[in-house]
Amino acid sequence: MFTTVLMIEKALAPADVELVTTLHGDEPVSFVVLMQPRGDQDRLLRAVDDVALGHLEEAARENDVPEGEQAHGPAELALAASVDQLHTAGAEAVGEIIQKHPLDVLKAVVERTHADEVIVLTAPHFVEEFFHRDWTSRARHKVGVPVLKLFAQQDDDE
């Protein structure tokens with residue numbers, strides 16, 4: 000069985016589930032889904048990314064998005080929904096909320112599960128990517144397995 004550690008920022012959209020569950024053809028895949036509650040990232044960087052993508056309304060609403068402890072409940076619900084969707088698609092999956100130090104947790108999970116790869120499923124983060132401070136760039140130097148970045152699909156209501 001192929002083991003993938005999947006880092007996410009929000010609940011998986013159906014297109015995301017289809018993408019990650021079909022990447023390896025018919026080979027069975029198990030997922031360890033890691034989610035960091037929103038708010039542990041810089042609000043200003045998120046707003047700049049929203050502006051760069053032309054999502055001006057999203058940038059204006061950054062102050063309304065739950066952060067820190069308030070983001071934990073919504074993150075748990077999104078993680079549970081994502082794991083359920085992976086199960087429905089026929090994959091094995093477990094999930095974990097990352098409280099702090101996401102790259103240290105990622106490295107430990109890769110080692111503990113003998114993962115074959117890491118997939119970072121994220122919205123574009125232009126500022127962080129430009130300076131190679133995004134999760135994908137940083138993880139490539141830390142985990143010792145291939146790290147693939149995929150862009151998460153937007154839900155129709157976003």
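Read in numbering that gives the first Met the number 0, the sequence shown has 72 at position 73, and its numbers run on one by one without any break. C-beta: ideal position from N, C-alpha, C; glycine also.
{"Query": "Pick helix, strand or coil for Glu-110, following the three-state DSSP scheme.", "Result": "helix"}
{"Query": "I'd like to know whether the C-beta of Val-117 is nearer than 8 Å to at least one C-beta of chain C.", "Result": "Reference to chain C is not applicable here, since this structure consists of a single protein chain."}
{"Query": "Would you mind working out which of Phe-30, Ala-74, Val-146 sits nearest Leu-85, comparing C-alpha positions?", "Result": "Phe-30"}
{"Query": "Would you kindly work out how many angstroms separate the C-alpha atoms of Pro-101 and Gln-35, rounded to a whole number?", "Result": "7 Å"}
{"Query": "Measure the beta-carbon distance from Leu-78 to Val-4 and round it to whole angstroms, keeping in mind my assumption that it falls under 8 Å.", "Result": "Not quite, the Cβ-Cβ distance comes to about 14 Å (not below 8 Å), so this is no contact."}
{"Query": "Skipping 5 residues on each side, what residues in its chain have a beta carbon closer than 6 Å to that of Arg-139?", "Result": "Val-146"}
{"Query": "To the nearest angstrom, how far is the alpha carbon of Val-109 from that of Phe-1?", "Result": "12 Å"}
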